[in-house]
Every structure is written in C-alpha cells, then in structure tokens.
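Visitor: Supplied in structure tokens, the structure appears directly below.
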Amino acid sequence: MRYMLGQIFSSVRFRIGFSIFAFILLTVLIYPLIITEPPLKTISRGTFLSPGIYVNVYDSIGFSPQYTLLLDGAAERRIAAKLNADDRASMKEWLVKAGLPEESIDTQDTAALLEVWHANFDPTIRLPGMTNADRNYYIRLNTALDGLLATEGATIAVPDATTGALKEQAVVDQTSYVNIYEVPNSRVFPLGTDNFGRDVLTELVAATGVSLIIGFVAGTVATVIGLLLGLISGFLGGFVDDAIIFVTNLFTVIPSFIILILITFSIGQDKRGAITIAVVIGLTSWVWTTRAVRAQVISLRNRDHVNLSRLSGHSTAYILMADIFPYIASYVVMAFILQVSSGILAEAGLSILGLGPRTTEVPTLGLMMNWGMIYQAHILGKWWAYFPVILVIALITFSLNLMQTGLDRVFNPTLRE
Amino acid sequence: MTTPMTRAMLEVNELTTRYITRFRESIYAVDHVSLSVGDGKSLGIAGESGCGKSTLALSLIGYYFPPLHYTSGEIIIDGRTITGMDPDEVRKTILGREISYIPQAAMNALNPTQRIIHFIEDVVLAHHPGTPKKEIYERARERFELLGLPASVLQKYPVELSGGMKQRTVIATSVILSPKVLIADEPSSALDVTSQKMVIKMILDLMDKGIIKSLVFITHELPLLYNVTDDIMVMYAGQVVEIGSADEIVFDSVHPYTRALMGSIIVPEKGLRDVKLTAIPGTPPNLKNPPSGCRFADRCKYVRPECRVAPVDLHETASGRVYRCIIPEQELRTLYEHEKR
Amino acid sequence: MKFSRLAVIGLLLGLLMAISVAPAAAQELPRNETLYFNGQQWGSVVGWNPYSSNNNNAMAITQADSARVIMFETPYLYNMLDGQVYPLLADGPYTWNDAHTEITFKIKAAAHWSDDTPVTAHDVAYTWATHVKYMTPTGAGNVDYIEDIVAADDSTVVIKAKLSDDGTAVNPLIVQAYVSTNYVIQKAWTETLEARANFDATALLADTAEDVVYSGPYHGYFWDESKVIYIRDDNYWGQDASMWGKLPVPKYLAHNIFADNAAGTTALKAGEVDVSQQFNSNVQDLWLVDGLPISTYLPEAPYGIGASLPTAFYNLNSHGLDNVAVRKAIAIAVDYPTIIANAMTNQSATFEQVPRSLMNPTAGEQAMYDHAAVADLQWAGNDIEGAKALLDEAGIVDTDGDGWRELDGQPLRYVATCPNGWSDWQAAIEVVAAAGAQIGIDITTNYPEWSVYQTVVTKSDAPLPEGYDIFMMWSDGAGPTQPWSRIRKLLSSEFIGMTSNWNGNWGGYSNPEADALIQAIPTVTDEAQLKEMYTELVRIYLTDVPSFTLMYRPQSFHTVNESVWTNFPYDGDGTNPPVPPLDMTDGWGIAGLYNLELVNP
Amino acid sequence: MPGDPVAAIAARMAQGMSNATGVQAVYEQYTELFGTDKPIPEQFVIYLRNVLRGDFGYSISQYPRTVGDVISSSIGWTLMLQLPAILVGWILGNLLGALAAYIRKGFDRVLMPASLFLSNLPAFGMAVILLVIFAVNLKWFPTSGGYDYAMVPSASWEFMWSVIVHYQLPFWSIVLITIGGQAIGMRSMAIYELNADYVKYARFLGVKDSKIIRYVFRNAMLPQITGLALSIGTMVSGALVAEIIFSYPGLGNTILTAVRGGDYPLISATTLIITWMVLLAFFSLEILYGLIDPRIKAAQSE
Amino acid sequence: MNMKSDDIILSGKGVTKIYGFGPNRTVAVDHVDFSFKRGEVISIVGESGSGKTTLAKMLLGLTSLSDGQIYFEGKLRDIRTHRQKREYWKNCQAIFQDPFASFNIFRKIDAVLLDCIRLRHGRRLPDEQKVEMMREACRFVNLKWEELTNKYPFELSGGQQQRLMIARIFLLRPKILLADEPTSMIDACSRATILDMLMDLRSEIGMTPIFITHDIGLAYYVSDTVYIMEHGRFVESGSADDVILRPKEAYTRRLLDDVPKLHEEWDLSTV
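Chains as they are written, first to last, in the working numbering: chain A, 511 to 927; chain B, 1183 to 1523; chain C, 881 to 1481; chain D, 51 to 352; chain E, 1438 to 1708.
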C-alpha cells in the first residue's frame, strides 16, 4: 500500500492535480469556519458590487479618529476625478453650440469654465443634434459640479427631534482622513457581490462544496452501476452479456446529455434536489465504466490465476471480488475520478439550460453561472460574477484529470516514456 | 579463436552498452563483449533469458536510441569502424546496407497498416533516394522469388500473412539491400516447428546464395543453434562465458555454466529417456548491481572462495578453448569426469 | 492527409447546405431607414392570423392591453399617460346614448385597407361577429357584456351593451374599452378565411394567414428563425390629413430574435438595437460605465413608468394563511427596497415614492383614491418588529422552541414559488422567503417550469396543491378599464372555481363587500363617488392582504440607443398628448414613430 | 411529466376570457387535436406510427407550426456548425497530440497541461470566455446569431461572408474544447505506437524518422476514429451549449425553447433527430474505419 | 515408472468443443476418444491451435463439453453444481504454463496454500496443523515456508513460482494432474528441477500426470503414453517409444523431422 502510494505520488501530474484538488477541498472545508455567514444571504442592496473593501460611511464620518493629512493636490485630484478632460470638452461643446464664442472658453481654467457654465447652462434647452442621452449626460454633469471648488468642510447636521430643525453636529474638513482599518464597520468582498447581492466568494465556496458532492455522488452511482454491469457482463458472457451490451450501445449512441435533459425536465424543477440531479447524472453516465470494466474482465476471465482460483473451489462471487476486482480496481478508480469531473460538468451544463438542481438552500457552480448569465454579468463586464465560477469548475476537473492521467501512467506502464 | 582466420566481417571489441531506466539506474546488459565473425561464417549466441543476448543483438547494429545507450568499445564491419560515427550517417550508410536485423517478434515487426512493398520502398529510398518505384518493385520481386516467396506477398498487408510467412517476409525485407552482416534475434521462437524449419532454411539460403556474408544468430534453443551456426558463444549475466565451435560447445564445453546448459537439452532422440537432465539451482544475478567476482559463482557447483574475489577474465587456453573461469581447463574436465561416475 | 481533405469537403457541403436552406431574397437593410427592436419577439414568428392567439407575432398581431398593433388598427387609441382615447379609424369621439346602453361612432372616410378598399362599419361588425362565432378569446371575453355590434350605415358603428334585468348596461366600462382594445379585421378577407377553413374553428385559428389584409402602416416583409422584418406600406391611409398627415419615419421595423436577455443587451450595446423592450439589468451602467448613447424614459431610477404590479398571492386554503395576521405579518416584513434594488436593479419606484394601493404609479390612477384616508394602512416593508408584534398579538408564537411559530399547534411552513427562469421574480421571491425567516415563519422557495406553474395556477377549479402557498403572478397594466379591471382581478370572488382562470384572485379570496363595490363601479359616473369607492377597496385590500405587490414594473421596458435614431419619447419631451414609453408599436405609443429623427441625417 | 401541454395552448387562447364554458370548449378542442384525451399507451403508439411516417405532429410552443417545420429550419445550421467543428477539432487535436508524443520535452510539457486544461473547461465556459474576449471586448466578431443583424438571407457573397464571420466564435469554441481531449488521447496512442516493434524494426533498417512518424500517426489515428465515433454523442452536447451561448439558430436553441415551453413533441423529435444524426455519424465512421484499417478488413473477410 | 495398471482413471468418448456459431463456428476439439490409465504419465502433444489446451480445460472441467462424455474412475463425470465441481477438483488439478500469470498478485502465498488445505480438508483443521502442512509442502519443493509466509507470489522467480505450484498439488494430492506446458516459460536450467519434482510427487501421492505440450522431446522424456493431436483430433497414440521412435502417421513423422536434433542430421531439404 505504501509502495503503491509512493508510486502514485512519484508522478508529477498526480502531485500537481492532487495539490490543486486538496487546496480546493481544504478551502471548502475551512472557509465556512472563518466566514460563518450563510452563503445565500443577500448582503448588498444593489447588485454586482465590484470587488473591494467596503467601509461604512457613517462610521467613518462620525466616530473614527480622524487625521488631518496635509497632502498636496488632494483638491486637484478630487476635481480631476469629478471633472475630467472629456467632461470639460463636452462642456465647451455645449457652450459653443449654445452660441458662445469658442475662444472665450478656457477648459483648463476650472473656475472660469464653471462660471461660464453656470451662467449659461439650461437643461431645458434642446440644442441641434443633441440626443436625449446627451441631455441626460449634461444634467448629470451639472449636478456633479455642485460645490466642486468649495474649500470649506462639509457640515453634518441632525434634525431636532421635536422641531425638525437641522442642528450642526460636525464638520468634515477637506483635509480629514480616516484609516480604513480603524473604521469599525468594514467588509471585504474579494469577489464582489452577485445579482442577488450575495457575497460571491462565500457563495462560490459553498457552491464548490455542493458541486463536489454532486460530482462525488454522480461518480459513485455511475461507477457502481458501471462496475456491476461490467463485471456481470464480462464474466458471465452469453445472453446477459448480449443484453447489457445492447443497453450500453444504446446509451453510447444517444447523447447522454440529451437523456439527461429529458429526465431532469421530466422530474420537474420543484423535485430536483442537488442529490437527485447527481443520481440522475450518475444513472446516465455509467456507460464508459461498463465498457472499460467489461473489456478488462473479458481479458481477465480466462487468465490462469482465475482458473487456478476456480480449481481451488472458489465461488463465482468470490472470484469476481478477489481475483477480478483487484486487477481492475485501478481502472475503476481512474474511471471514478473521470466520472466525478464529468458529473460536475454535467450539473453545470444542465444549470446553464435552466435544468439545474433546485437549490434554494445551497448554490451550485452551475446555478451561479446560470444566474450570472441571466443577469448578463458577462455582457456588463461583471467578471467576478462568472469568471471565478468557470475557473473553479475548470480547476476541479483539471486537477481530477491530472490525477487520473498520473494514475494512468503508474498503472499503464506502456504509457511511460 | 577456433575459427579459421578468414577475413572478419564483423568484429566487436570490448563493447559495453547499458539501459538507463526511468529511475535513472544503469543496467549494463552488455559488458565488455568481444567477438568476431568471419566472411561466410555464422556465430550463434546462447544463454538464458535475461543474460543480455537480445541486448547484444541490438547493440551490434551500432544505432542506439533510448533507453539503450552506447558506453564503450568498438564495432567494425568489414574493416569500417561504425562506433563513433554520426547516428544519421549510420542510419544512411550502415543500417540495412552493411548490417541488418531480424527482430524477435516478427508478428509485430511490420507496420500493420502498410503494404509490404511500401515499406520496402521506404527502406530502399532511405538509402538510395530517387530510386524509381518500379525498380524497387522489380528488385523486391526478384529477391522474394529467389528466397521462395511469392511476389503477391508484396501487395499484401501484414495481417493477411500467416506467422511463418510474416517472419519470412521480414527476413526478405531485412536483406533487401544485401547487407554484409545479418543479426537474427530469435527469429523462430514464436513459430511452430514446421515454420521454424522454413525460416531457418531461408536464413541459411541467404548465406549460401551470397546475399549476406556473415550471420549472428541468437536463440535460447541450443539444438537449433547447433544445427545452424558454425560457432557458438554462450552469455551469462551480460558477459561472454565461453566461445567455441558448435561441436565444442555442445559436446565438449569447458565452463561449468555451459556444461550445465548443455546438460538440460531435450531432443526427441533415442536414449533421451536414459539421460538425467542437469539443473542449476538459484537465479542469475541482478545486473543493476552485479557481484564483483565471478557472476556465476552463486550457482556454481565448483565454486571456490577466490571465485568471488575479483572479476574473472575471458581467456584462451593452450588448447585454444576460450572461456571465463579461474579453474584451469584440465581441472574442470577432471571434475566433470568425477561427476559422471 | 486524407482526413483534412474530408474536413474541407464537409465544410463545403455545409456551406452548400446553407445556401440551399437560405431563400434567395433581398440584401442588407439600410441602417438609416430601419428601426431595430428587441425584447418583443422571442422565438420565430408563427403566423399572421389576427383571430388567433398563437401567432407569436408580438409587434404585428398580438394584442396587448393597449391593443393597436402596427398591422391592425383599433377605432380609438388609448394613451396610458393621460388615460384618454384618441380616434384612429374612428372619426371623432364616440358617444353614449342617454340610457348609457349604446355607443356610436363613425369610421374615417380616409381609412382604407391594404387592398385599397375602404374600412367600413361592416368590417367592425363582422369582426365582432366572427369573434363570437368562433369563440375566440376576444369573443368569449366580451360576449357577456356586449350584446351586438352593428353597422347602422357604411360608416356608422353601433355597439350595443348587454343589459341587466333593470335595463342598464351590465358593464359599460368594458363596452367602452372595446373600441380601443380590439382591432378591426376586413370582412371580405375574413370571409375568404372562413371558406378556406371550411367554417371550422380549429382550422380557422390554425391558419397562418399570410395573405391577410390589414389597415396599419407596416406589414411582414421577411421572417425566419433569426429575425422578423416589417416594411412600411407607403400607401398607408394614415398619411391623410384627417389622421397623422404623414407616414411614420422608419421604412423598416426589424426585430432580431435573441436567445436571451444577455444576447439582446449585447446587441443594444453594439447599436444593433434602437428600441429595447427587454429588462436590461443595471441599465444605468450602459451610460454611466460604458458611456453609450443609451437612455431611458426617465433619466434616473426608476428609469421608466411603472404600470403593472407583480404581486405575491396567498393561497388562502393553506394552513394559517386564512389568518389575516399571518398574511399581513409576512407582507410588512418583506424587504421591498432590496427587491427593488436587486431584482429590479432599481427599475421600479419604491413604496416610499409611491405608497402601495391597488393603483399603478401613473398620475391618472394615483388620483383615483384618497391617499390620506389609507395612509396608516400602507407599509413600506422591512417592519420586522411590527410583524412580530402582530403575530404575538394574534397568539401565533413559537410554542415548541424550534424557532418557528405555530398556529393551532401546527407550524407555519410555506413554499413560495414563481416560474423557473423568471429571474426578477425569482430574486423577489427569495427576498420574501428571507423575510419569513426573520419573523419565525418557515418559507422555502421553489421554482417549477412555467408550463407546470401556469397549468397549476390557472386550472383553479381544484384547490391549489401543496407548494403553492405564496406564489407570484402579474396583475393588469395600464388600460382603458383600469384600475377597475385590475382590482376586480385581484379581489373579485367571481373567478373562484373557474376551469381555467387566467384572470386573477388565484388565492381564493372572497369578500362580499369588495364584490359589491367591484360590481357597482362600472356603472358609476360620479367622480367623487368613484374615488370614495376606490378608496374603500384600497382599504379592504390593505387590511385583508389577500395578496401583496412586490414591485412596480413598467408596462414595457423602454431603453433606446441613440446612435442612429433620436427623438424617442422621454419624460418631458414636450409632445402633446404625451407619447408613452410603450416601445412605439402599441397604442398611442405608435405616435413616437412619427417623431423620430436621424442622428446623422 | 410536468405540466399539461395542451393546457399551455388552451391557456394562451383563453387569456382574458372570463367565462368558464368558453375556456372549457377551447381546451377540449385542443385536447382532441393533440390526442391527449386518449390513454397514454395509445398516444404512444399513435406517436410512433406517425414518427415512422415522418410526421412529428404539431409543436406545442409554436403551434400551429409543425415540429418538422421547426426542426428543418434549424437543423441545417447545426449540421453546418457541428460537423466541421468536431472534425476540425478532432484533426487539430490529433496533430497536436502526435506532435506532443514525438517532440516530447518542452513542447509536451507545455502542450499537455494546456490541452488538459482546455479540455476541462466546461463547454459553456469556453463559449462565454470567447464571447467576452472576442465579441464583447475586442469586438472582432459578432456576439450572436447566424448572420448579420441587418441582413436578409440571400445567395450573395456578402451574406455568405456574414455567415462565415458569425460562424467563427461558436465554431472555435467547439473546436477548442474538442482539441484538448483528442490531443490527450492521441498522445497516449502515439506513445504506445512509438514503442511498437515495427517502429524499432523500421529504425534498424534505416528508415527516416519522418516516415516512421507517418506510420505512427496513421496507426495511432485509426483507433482515434473509433474514439471519435464513440464520443461524438458527448461532443454534440457541448456543441449544443455553444449554440445557446451564441444564440446560434440551431438545434441547441430549439431544444432550449422546447424545454422552456414544455413542448414535448418538439423535445422528443429533437432528441430523436440528434440521436439519429449521432447514429449516422457513428456508423459512417465505423464503415470508414473498416475501409481504412486493413486489420479490420482482414478480420471481416475471414 | 512402473506403476502401470489397467485401471482407467479418466476416459472420454466423442469429446467435442465447438466455439461460436454460424460463420464464426470453429471446432476446437473434434470427437476425441481416450482412456488414461491410472499411474501412467500421459502426454498430449500438439502444435498451437491443435486444440490441446481446450481439451485440457474440458478435462479440468473449466469448460463445458459441446458433445461427448468424460468418465472419471469409470463413472460419468457430473460437475453441474458447484459442490460437484469442488469434489471433482479435489481429484483433478492443474499446473499452468506461465507461473507469473497463475497467481493472483493480490493474494499472499499463505492464502494460496490455505485454499488448497481448505479444499482438501475443509475448514475445521487447527491452525498449527495447517502451518505444519504448508511447511511440509514447501519442504517438498525445496522452498522454506518461513521465507514465503507473508510474501506475494510475484516476489519469487519463475522457477520458484512453479515450485510453489507443485507445493499446491502436494497439499491437494489429486488423482489427476494436468500440466499444461509446465516448463515452457522457465529457463532450461530450471526445467529439470520442475520435472524431477513432478515425478517425485507422482510417486509420493500416486497421481496420474497428464502433460499438455508442444514439445515432442519433453513428451518423450517424461511420458509413458503419448497422444499426438492435430486439428482437434488424436492422430496417433501409444507408448512413448512407439510413437517417437517408430511413428506411424505422417504427421508425427513430420513433427519429429522438423525438430532440430543433436545426433541426427537435421534435413532442411524437406521443407
């Protein structure tokens, strides 16, 4: 056993695959211990918040220690952010169209520009060639210009409980800074939030776990069925073999994904639990295992060691378990690994079609992908809502396949260099 | 050497080659082997499985690819040293033209999806680029018919041929360029006795008809070797243990190992049932880590403490016998006599 | 290699096949003469039969609430913004007789069919007769309220209301809505169709009717799996001075068929779509982030005019949901701002902006009830403490300590559901379920396929099965019978036990007081009395909570890309009457087509 | 089976009706038309009989279109997309696999993990990544559809070009996921063949490496044909997903619409057609294999 | 080799094996008759494809007969049930050609030997007795049980494995031993050891060995009676000396001619 493991781990492929898989598995196990929040909790009002650190504004104004930093150009940076070169050019364009002489407008002199702008801009004027989108843009720009050049601080006021009159509470200077680590309320979203306003990373970890379980269950079902049918078919031969081979051929020719679609659809979304889906995937994907096992068993069944075992008076069941199974165990393990990865892929594929599991308690990778796409994350550039999902799926199946090829090289010496 | 000193077609001096395993271990399967085959002569190489005889066959060709690696020594074919030559040069000018090879497993030696003639074309064109196909075909047909094979074989796929036929096709293909030296590695071991006989006859025909000049024949079947080659060389654990004429080796061997080997021959002849077969206990040494003294010491009946001390050289006695043992020839013969009684 | 040769042959074969599949027709549509849409047509066009509901031909045939489509025309056009109707085929306003039992209007002299024959009163009458004869949805839906439609002469149409025992019209509201919600089909063509179908209803409705005669400005030009194109009829009667006086601007209206919203949004971003009727999530990103020349009817959230009220219904037969405290507790605990922010990506007014009632957020409907009278009943959600107090007060508490409340010893355990793949509804339902968890009511979610869902919900002659405790359905949008019709469908007990109930009140709510008010309103003409009655209905609705609205949803989403066309309708565009954001193919929205201008003429 | 298919049509017809008898009448009309009033086994027999006659009946979601009509308008696109894509993916994959087996060293070390990774990307993942990179961001290719949004199909060169441009992304997304798996299989087969006796023998007779590689490639490729035949079913499913992501007007989208619309006649017919296509591909490949591989020929003539 | 008697231990009438049907039908063994005498050493000689291995499998009861009957100790052999088979296998055992393939590589040597004890003596023996039996068997084949216990068969050399096979037979003490090419896969030098052990075993437990081989020399060396098999039929049989030294049938003669010899000229012209 130790020798065997040594052999297996001597394969670089297996080691890499195993490391990736172990990392994913450990993350799935450990992450929930650190972030205990339920993965499906809606955490943001507003969707697709981009990855970053979110600091509570209220707390950062009122209660944190505030520092005065005498930084040069802080105001310039703020102005540049709120009024960039494009905006200035657009302002000039509007003013020129409104009839002002072009040379009278200096887009570099912010104060002068603003002055001319405030004096002339009227949102109700429709200039020739200006679309409604342009009009909206100028209105938004005009609003953003409010208080742009102000040098005094912002006043925080609280309404009086009885009169409703505003009472000054504090003034936030333009030179006030807070250290975000000192702000008591902050939250990190390494992967932002999704269309439901859920924390993508937390959801992703939970989904990975569920998808792994789906893959594992599907793989187990497929492998058990495939193994049993393959053993029976290969060892017994005759009519049983013919019957099993017929069914196997049937399932080979009919694309299993199509069968999967039909079955999952027939079950109905309301009855599709994650495990149900996994079992259905398993039920439709045993064909390859059956084929492989059967071929192996046929080549084994007339081997001398099997004959010797018979001559020693062992029963068929015993021979299957003791003399055939150990020889194909490595193939079965490899087939199982492949089944797990194809199970995960199948779930994801089904979910993309909207035939995924009904997981309102837990997400799956496929469902996350499906929702991301329904809310057009990929079109709107919200990469964090779909790309990590694809990556995780690819990494899981990649690591499993690496392990499988690693095993293959150990068990199939002809593939060695 | 016991053979009359004709011109040596193949001469090998102290050739050493090794396998490098995927665990980066070296196995010296051919360890300082020297031999010489004269013009018109044949040499048989005998030994148990794993003794290095097949590796020697591969090593003699002078074209190495992993996992087999050339280490030292030289191979001279008709006066031309091929060791140290550029491999591509060897491929173009030596392989198939100077020295050719018949593989052990003829069953799989031909590309299953290629007609025989196309393979012959590839072989000929590799050495004589630009030869018209027609000419190649004519030459192949001629050669095949000369060797008693129907020309129709040329148009067939390997699967369409029986085992014996396949092996004979391989032989005819191997000698299509009339090489000087032919190395045959167990060419008949997978065949029935009848096919075996046809194959052997064909190989001997090659010599008789002057298609090849010298033959190195490798097999573990001693009666066969005795009937085919002039001389026999016995190998044990990567080394030569004894060389001599076929008669000497079979009926009058000196080395204890050769002796034992010859004592285990079974042929359906009168008197066989009265013979007691000899047995050698134990197994050959591991070549990854061979013993420092005589490699046969552990299994030898006549082993002495000094056997294990230092490597034993192959040496020629006054009577012209060549073997690898520290016990003098005469002493061994006495021991054998004693044994018989 | 032989195999690559094979591949090349395969490819060529494939291309050849494509050529043979593709019918030889015209070239590329001129961009400057074509207005592209998305979000209306899903799947390919099936047919052009104005009597059938199975044409899957949203722009040209299928009647929405505001009726008029680009191929067929109603006598009057309804404008959801001002609630008025404007004559189209009709000449001048219609008139009620004094007894309020008959409507009379005239047909414009200029109106003619695409085969140049005039539109007559006989066409109107025969359209109705055919609807009734073959029991089309239109026929079946109105036959209880309209006695007959007759042509007094070639140009005069008289619609006779069905009368109740006391001699008054059963429902004048529906009768009067008919003129703006049902388009006119040519009598001559109808007769051809009937002959072709051998007067068999099924065959008549299954006819694809590509030869149909129409009166509208556009008709089918090309359609396949990937698109449908309509071309302007330059002989359109509407260019007569008695109507618009000119033709609509785009020569072609084209609708590419997208697999989903994502594909549609991509095309919109690329400028391949001018008018988008689909839900584009986070629509503001299109201009704020991507800087595209895209805008909506309103420049800021909610970006459009809400006109329908997607609503969660309670199944009143489920354990505990017959208890008003439970219903109200769930309804007030729901986090509506999150629904609006996440499910609708802020494309809905909040319940602070437009307090909940039975009315949609248009000014016309909002004016129809007394806001102050029901102010203390309205809730804006997120009232967890209030909900808990309500339940505690009703004695619905957690007796066995498992964290969930029980009523009569049985735990309150519900399944909230909506169709699978209806993304915004699903997101909303998730928020509803989350509210349950906070107040100790166990709500799980479940999304059956639409085919299952609609079968279960609409076949309500049997009680709703398990799993449909809280379920989402729509309610009526804007229209000439609103808000009465919407209220009827939310509250009227007349729909309980129908074989196939496509109307409303699926939860089985029954309140004689509400029924009486609903019954009475259509015949009431006094504004003040109406307002009082509507206010009373709102009070009942907010008190009994048989269902609760989750968000406001526009009748049509209306997002436009101004890279080719401009002067689309927007709030405050100065049009009079105002052009509603109804994607310019329905109702008064079609007026927008006449105002379009090219950005780069 | 969930949902009453006829109810869907009836419901569409009945939308807005408020009198029960009218709805009931409509419902019964369609029940009769679709034969759903008969017992299930009888329905099945009738269906089978009709299918054998090539009549798949009416589509429910697109009534009154027939299933045959719906499928025939999309099957051409699917054939045109998938057949070449799978073949090209197969050929490229085999070439790369053979190269990896022969060159080994650096090439192999980079190419193998890369192919493995590629082949492990889910089909939709590959499609989405290509879509985002090449269509949404770089705008080199259109995002959806089978031809230009502004075009009307015609036998013109512009139209053909538009079809080809729209073809690229779905095509390559199928090709790329096919390549990986094929390359891995080919590499193992080629290594196996490279160790075969005939390679050694040919080398010893001085045959050039380039020739030997040709032997190996050919011999390793033959089993790959069977592999292609066996896995074509799997590939088709990936290809269907690619069609859906790119809104390609093929069978993938037909299935999706059918599933969403609960359209049983359409679902079963599409399944049947795809199975039939896979079967056809399967048998043509088997026959092709028998023709190309002399070993099979010999075995058959025995 | 003087244990001959006229007591027939195993005989067959019209024994036939047909594989496949239709165009794939092959007759592997074609109505052969035989009667093996108790205590004699019997060889069945044939080239590959002659049907000798199929016949061996039928004799062993590993393959069913398509036609004909096999009689064991004068009675019709009946091995339809597993119990009957076990009973038969107590009396009829085998040694296979390839020692490396004959053992389950996942089972330890002890298990292999214990199987034999169980088959012979049932399960009730005390452990010490079992160990003693294994020890004895190993001693017989010149192996040390202490060195074998807890080892796997594949850790032994080919010759040792074949000896282990013989130890198995020693424990089982069958009446018939089918040796299917027992020495063809091992080196010439170990061949004698194996053959000697088999002969010792024969005298020790009084069994009837049946050699199945392609090597006519080996057949001559070990056996009393030789059967020559060609295309599923016996073409010649008789005492070893008669068949080998004075062959009657042309096939036998050809077979003998084709074998290279040491003391006779090998006539290559006959090809």
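C-beta: ideal position from N, C-alpha, C; glycine also. What you are looking at is a predicted structure, and each value in this text was computed from that prediction instead of being measured.
In chain C, which residues lie with their C-beta within 9 Å of the C-beta of residue 112/D?
Guide: Going along chain C in sequence order, the residues near residue 112/D (Cβ under 9 Å) are 923, 924, 926, 934, 936.
Visitor: Is there a C-beta anywhere in chain D that falls below 8 Å from the one on residue 1147/C?
Guide: With 8 Å as the cut-off, residue 1147/C counts as an interface residue toward chain D.
Visitor: With 7 Å as the C-beta to C-beta threshold (strictly closer), list the residues of the region 262-296 of chain D near chain C in chain order.
Guide: Here the close residues are 294.
Visitor: Counting Cβ pairs, one atom from each stretch, are 3 or more of them under 8 Å apart for the region 1323-1330 of chain C and the region 868-884 of chain A?
Guide: Flag = yes, the region 1323-1330 of chain C and the region 868-884 of chain A touch.
Visitor: Counting only the same chain and skipping the five closest in sequence on each side, list residues whose C-beta sits under 7 Å from that of residue 563/A.
Guide: Correct list, in chain order: 690, 696, 698.
Visitor: Use the C-beta contact count for residue 90/D: other C-beta atoms within 10 angstroms, 16 or more gives buried, fewer gives exposed.
Guide: Exposed, because fewer than 16 other Cβ atoms sit within 10 Å of the Cβ of residue 90/D.
Visitor: Which residues bound the beta strand (DSSP E) around residue 1415/B?
Guide: Run containing residue 1415/B: 1413-1418, per the beta strand (DSSP E) assignment.
Visitor: Just curious, the beta strand (DSSP E) that residue 1327/B is in, first and last residue?
Guide: Careful: residue 1327/B lies outside any beta strand (DSSP E), inside the alpha helix (DSSP H) at 1315-1328.
Visitor: Please confirm if residue 339/D has its CB atom under 8 Å from at least one CB of chain C.
Guide: No - not a single Cβ of chain C is within 8 Å of the one on residue 339/D.
Visitor: Output yes or no for whether 8 Å exceeds the beta carbon distance between residue 1257/B and residue 1265/B.
Guide: Yes, the pair counts as a contact, with Cβ atoms nearer than the cut-off.
Visitor: Distance, Cα to Cα, residue 1155/C vs residue 918/C?
Guide: When rounded, the distance between both Cα atoms is 7 Å.
Visitor: Can you check DSSP and say which residues form a bridge with residue 1282/B?
Guide: Beta-bridge pairing links residue 1282/B to 1364/B.
Visitor: Considering only their Cβ atoms, is the gap separating residue 1411/B from residue 1225/B smaller than 8 Å?
Guide: Yes, the pair counts as a contact, with Cβ atoms nearer than the cut-off.
Visitor: Taking the alpha helix (DSSP H) that residue 1688/E belongs to, which residues open and close that run?
Guide: Per DSSP, residue 1688/E belongs to the alpha helix (DSSP H) from 1687-1694.
Visitor: Can you pull the chain D neighbours of residue 1154/C, defined as C-beta to C-beta under 9 Å?
Guide: Correct list: empty, because the minimum Cβ distance to chain D is about 11 Å.
Visitor: Quick check on residue 201/D: does DSSP put it in helix, strand or coil?
Guide: Note: residue 201/D maps to strand in three-state DSSP.
Visitor: Is residue 142/D closer than 8 Å to residue 224/D when the C-beta atoms are compared?
Guide: Contact flag unset, no.
Visitor: Determine the burial state of residue 1539/E: buried for a count of at least 16 other Cβ atoms within 10 Å of its Cβ, exposed for fewer.
Guide: So residue 1539/E counts as buried.
Visitor: Flag residue 1536/E as yes if its beta-carbon sits less than 8 Å from any beta-carbon of chain B, otherwise no.
Guide: No, no contact with chain B.
Visitor: Who pairs with residue 976/C in a beta bridge, going by DSSP?
Guide: Paired residue(s): 983/C.
Visitor: Using DSSP with H/G/I as helix, E/B as strand and the rest coil, what is residue 704/A?
Guide: Residue 704/A: coil per DSSP, three-state reduction.
Visitor: Compare the C-beta of residue 1658/E with all C-beta atoms of chain B and state if any pair is closer than 8 Å.
Guide: Taking Cβ atoms only, chain B reaches closer than 8 Å to residue 1658/E, which makes this a yes.
Visitor: Does the region 877-887 of chain A come close enough to the region 1301-1321 of chain C to have 3 or more Cβ pairs within less than 8 Å?
Guide: Yes: the two stretches touch, three or more of their Cβ pairs being nearer than 8 Å.
Visitor: So which residues on chain B does residue 98/D lean against when the C-beta distance must stay under 7 Å?
Guide: Those do not exist, as residue 98/D stays about 44 Å from chain B at its closest Cβ, beyond 7 Å.
Visitor: Who are residue 1529/E's beta bridge partners in DSSP?
Guide: DSSP, once it has assigned bridges, lists 1613/E as partnering residue 1529/E.
Visitor: Can you tell me which residues form a DSSP beta bridge with residue 1673/E?
Guide: Answer by DSSP bridge pairing, in chain order: 1665/E.
Visitor: With 8 Å as the threshold, decide whether the Cβ of residue 159/D is near any Cβ in chain B.
Guide: It does not; no Cβ of chain B falls within 8 Å.
Visitor: Let's test the definition: count the other Cβ atoms within 10 Å of the Cβ of residue 307/D and tell me whether it reaches 16, buried, or not, exposed.
Guide: Classification of residue 307/D: buried, given that the 10 Å Cβ count is 16 or more.
Visitor: Rounded to the nearest angstrom, how far is the Cβ of residue 1191/C from that of residue 1429/C, given a contact under 8 Å?
Guide: 5 Å between Cβ atoms; contact.
Visitor: Is the CB-CB distance between residue 239/D and residue 279/D below 8 Å?
Guide: No, these two residues do not count as a Cβ contact at 8 Å.
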